[in-house]
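J.: Take this structure first; my questions come after.
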């Protein structure tokens, strides 16, 4: 294993320290317990948005802390849920008196630990709501999940809910639009090479030279099947067919298309895949009116990508277009 | 070889098509000859900035076309210089009547082809100047270079010169600040794994499991030496020592620190390396007042990173901070 780290046990704390020292205008961090929060602290009267989960998916979540997205993020150890204590501390840092909403990817550990943190927060008088993201259509249950996994769609929920909170929507309204987004966005991914967890030191799984894992999650957990490696056009078809089988007819709909890199896949390839996916969507009668292409919800150094589609309406477009100033996503400010 | 592409011969044109369809608000493309230019066309009275070179370094250069950076970019085949014809066409598209400045990475093919394009442009009455970037301190000559190679520092020159052109500086002034930037920025990189060129189908070189290439370029060309893989702290020291040996004493200076990923290295690791580099610079008395961390000047799916340092003054800070709206870099708008 060759990685630009010092010690597998220190990688998350050192990376967060680097992140915060590079971007002090956007975010700050507490080291004990470890969480990242918006520079300048909680915004009085604004709903506080908190997310988190195992590390290794950067820039998710800390890279989306800032104006117009999250107020705080809690990075656990690599691929390991953070415990309730830092989640509670992050919620306290995010609480501007208008309630706190958690955005939780659907993994058993995350669901449990965010739930305990919510109970602790409520016990001290905080109003807490939670929205679950389970956008991965690949499998119904998996290694660490009852039900579907939360993957790249999480970023979409963070952007939409973040914009709603930023413009002053109250807790019920932010929860409503976050739940609507979480229900609307669907994703499926593929892996060309497995990730290597620093503490493990070797790839999480082995793929033959001509083999890919279809329906991969973001922790190297198995997907639907191993298939022969195919062209970008064929891959886009496989992924989109699965997404649209679940989403239903998109003919006549305006949609968001997100092509997300898993970590080690170059932009050159992501844009080839994006072009193929966009053509297919248009052939099925959809209008791609908003797009995002990049490595946003990753799995360490896994090679591969996912395709997410979300039907849009006027409100979702307004919130997607709203200003954001975070490390990994910036627009209009 | 597993890649999300259709055919090695089509990868650049298909990727550019995807890029332009995703970001039509920022850029547009001509397909024959192939170049990318700013949406809305040349800005009358503004110095036009054009760069380009072999593909495989994305987001460089097309990802930096837009307000506050480049007016046009010319992507060649992978790791292959574009010919004079598309460069000339890009210059024509960028020409707002105030002259055109080329930003050229110091590779023999690029230097030659941009020079021929400049002569053709001048023959038809265009005023053309050219600025060479040769920021890589690793080697004096290499596979495709007489003199030093142009690497991650190119992005810094494009940002600074782009801001100067955008605020209305005349051609002499834009050239002067671009040359000053190109002289001031120094870079050195390391590879953990080689890139795989699509048409070649296998990694450009082989590294043992415990071996890295120190002083790597961005085409898999050899660096200074193969050394044992080391920690992020030790790697930062190796790279910074080389940069500072060339740059001279930075004690008491304000500097820009750019930690650039080579393509397959996750953000988690880049921020660990950034943190280490920043500490070392501060130990040597420098003040890191501006930072950029990400995969901006890449080498396909090569794993590794480079560290760039540039001493700053008030003018360079003003230009670095100026608004930019490109696909890969956005600030203040």
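Protein chains in written order, with this note's numbering: chain E, 1 to 333; chain B, 1001 to 1333.
All C-beta atoms in this analysis are idealised placements derived from N, C-alpha and C, irrespective of residue type, glycine included.
Consult DSSP for residue 1126 of chain B and reduce its assignment to one of helix, strand or coil.
T.: Three-state DSSP puts residue 1126 of chain B in coil, outside helix and strand.
J.: Could you check if residue 142 of chain E is buried or exposed, using at least 16 other CB atoms within 10 Å of its CB as the buried criterion?
T.: Residue 142 of chain E is buried by the Cβ-count criterion.
J.: Check each residue of the stretch 46 to 65 of chain E: if its Cβ is closer than 8 angstroms to any Cβ of chain B, include it; give the result in chain order.
T.: Within the stretch 46 to 65 of chain E, the residues whose Cβ lies closer than 8 angstroms to some Cβ of chain B are 55, 56, 58, 59, 63, listed in chain order.
J.: With distances taken between CB atoms, is the gap from residue 1128 of chain B to residue 1121 of chain B smaller than 7 angstroms?
T.: Yes; because the gap between Cβ atoms is below 7 angstroms, this pair is in contact.
J.: On a Cα-Cα basis, can you pick out the residue from B:1147, B:1005, B:1213 that is closest to residue 1304 of chain B?
T.: Minimum Cα distance to residue 1304 of chain B is reached at B:1213.
J.: Please list, in chain order, all residues of the same chain as residue 1157 of chain B whose beta carbon is under 8 angstroms from its beta carbon, the five residues on each side excluded.
T.: So the qualifying residues of the chain are 1103, 1131, 1133, 1178, 1181, 1182, 1185.
J.: Quick one: using the 10 Å Cβ neighbour count with 16 as the cut-off for buried, is residue 1148 of chain B buried or exposed?
T.: The residue is buried, with at least 16 neighbouring Cβ atoms inside 10 Å.
J.: Got a sec: is the Cβ-Cβ distance from residue 5 of chain E to anything in chain B below 7 angstroms?
T.: Interface residue, yes.
J.: Run down chain E in chain order and give the residues with a C-beta less than 9 angstroms from the C-beta of residue 1022 of chain B.
T.: Result: 257, 259, 271, 274, 275, 278, 288, 291, 292, 293.
J.: From residue 1230 of chain B to residue 1236 of chain B, what distance separates their C-alpha atoms?
T.: Each residue's alpha carbon lies about 10 angstroms from the other.
J.: Chain E beta carbons: is any one of them nearer than 7 angstroms to that of residue 1253 of chain B?
T.: With 7 angstroms as the cut-off, residue 1253 of chain B does not count as an interface residue toward chain E.
J.: Just to confirm my understanding: we take residue 1096 of chain B, look at its own chain, exclude 5 residues before and 5 after, and list those with CB closer than 7 angstroms. What are they?
T.: Result list for residue 1096 of chain B: 1042, 1043, 1044, 1045, 1046, 1048, in chain order.
J.: Inspect the CB distances between the stretch 1289 to 1297 of chain B and the stretch 1270 to 1277 of chain B and report whether three or more fall short of 8 angstroms.
T.: Yes: at least three Cβ pairs fall under 8 angstroms.
J.: Short of 7 angstroms in beta carbon distance, which residues of its chain neighbour residue 1084 of chain B, apart from the five on each side in sequence? Order them along the chain.
T.: Excluding residues within five positions, the ones whose Cβ falls inside 7 angstroms are 1113, 1116, 1117, 1120.
J.: Which residues in the same chain as residue 1136 of chain B place their Cβ atom closer than 6 angstroms to its Cβ, once the five residues preceding and following it in sequence are excluded?
T.: Around residue 1136 of chain B: 1148, 1149, 1151, 1187.
J.: Helix, strand or coil for residue 21 of chain E per DSSP?
T.: The answer is helix: DSSP assigns residue 21 of chain E an H, G or I state.
J.: Does the beta-carbon of residue 1289 of chain B have 16 or more other beta-carbons within 10 angstroms, so that it is buried, or is it exposed?
T.: That one is exposed.
J.: Would you say the stretch 1162 to 1169 of chain B touches the stretch 1314 to 1322 of chain B, given that touching needs at least three Cβ pairs under 8 angstroms?
T.: Result yes; three or more Cβ-Cβ pairs closer than 8 angstroms.
J.: Is the separation between the beta-carbon of residue 1175 of chain B and that of residue 1101 of chain B shorter than 7 angstroms?
T.: For residue 1175 of chain B and residue 1101 of chain B, yes; Cβs fall inside 7 angstroms.
J.: In chain order, what residues of the same chain have a beta carbon less than 7 angstroms from the beta carbon of residue 1331 of chain B, not counting five sequence neighbours either side?
T.: Closer than 7 angstroms at Cβ, skipping near neighbours: 1323, 1324.
J.: Just tell me which of B:1263, B:1254, B:1259, B:1264 has its CA closest to the CA of residue 1282 of chain B.
T.: Per the Cα distances, B:1254.
J.: Let's test the definition: count the other Cβ atoms within 10 Å of the Cβ of residue 958 of chain B and tell me whether it reaches 16, buried, or not, exposed.
T.: Nothing can be reported for residue 958 of chain B: it is not among the residues displayed for chain B, which extend from 1001 to 1333.
J.: Identify which residue in B:1078, B:1071, B:1278, B:1140 has its Cα closest to the Cα of residue 1089 of chain B.
T.: Among B:1078, B:1071, B:1278, B:1140, the Cα nearest to that of residue 1089 of chain B is on B:1071.
J.: Would you call residue 301 of chain E buried or exposed, if buried means 16 or more other Cβ atoms sit within 10 Å of its Cβ?
T.: With 16 or more other Cβ atoms within 10 Å, it is buried.
J.: From residue 1193 of chain B to residue 1260 of chain B, what does the alpha carbon distance come to, in whole angstroms?
T.: Taking the straight line joining both Cα atoms gives about 15 angstroms.
J.: According to DSSP, is residue 105 of chain E part of a helix, a strand, or is it coil?
T.: Strand at residue 105 of chain E.
J.: Excluding the five sequence neighbours on either side, which residues of its own chain have a C-beta within less than 8 angstroms of the C-beta of residue 13 of chain E, listed in chain order?
T.: Contacts found: 31, 34.
J.: Roughly how many angstroms separate the alpha carbons of residue 1080 of chain B and residue 1056 of chain B, rounded to a whole number?
T.: Whole-angstrom Cα-Cα distance: 9 angstroms.
J.: Counting only the same chain and skipping the five closest in sequence on each side, list residues whose C-beta sits under 8 angstroms from that of residue 50 of chain E.
T.: Here the set comprises 70, 71, 72, 73, 74, 87, 90, 91, 94, 100, 101, 102, 103.
J.: Within the same chain, show all residues whose beta-carbon is closer than 6 angstroms to that of residue 333 of chain E, passing over the 5 residues directly before and after it, in chain order.
T.: Result list for residue 333 of chain E: 323, 325, in chain order.
J.: Grab the span of the alpha helix (DSSP H) containing residue 175 of chain E for me, first residue to last.
T.: Start and end: 171 to 184.
J.: Can you find the residues in the same chain that come closer than 6 angstroms, C-beta to C-beta, to residue 219 of chain E, ignoring five residues on each side of it along the sequence?
T.: Same-chain partners within the cutoff: 79.
J.: Can you name the residues of chain B whose CB is closer than 9 angstroms to the CB of residue 212 of chain E?
T.: Ordered by position in chain B, the residues that pass the 9 angstroms Cβ test against residue 212 of chain E are 1002.
J.: Are any of the Cβ atoms in chain B nearer than 7 angstroms to that of residue 334 of chain E?
T.: In the structure displayed, chain E extends from 1 to 333; residue 334 of chain E sits before or after that span and is not available.
J.: For residue 302 of chain E, which three-state DSSP category applies?
T.: Correct three-state label for residue 302 of chain E: strand.
J.: Closest by CA to residue 1317 of chain B, which one among B:1257, B:1223, B:1266, B:1279?
T.: Nearest of B:1257, B:1223, B:1266, B:1279 to residue 1317 of chain B, Cα basis: B:1257.
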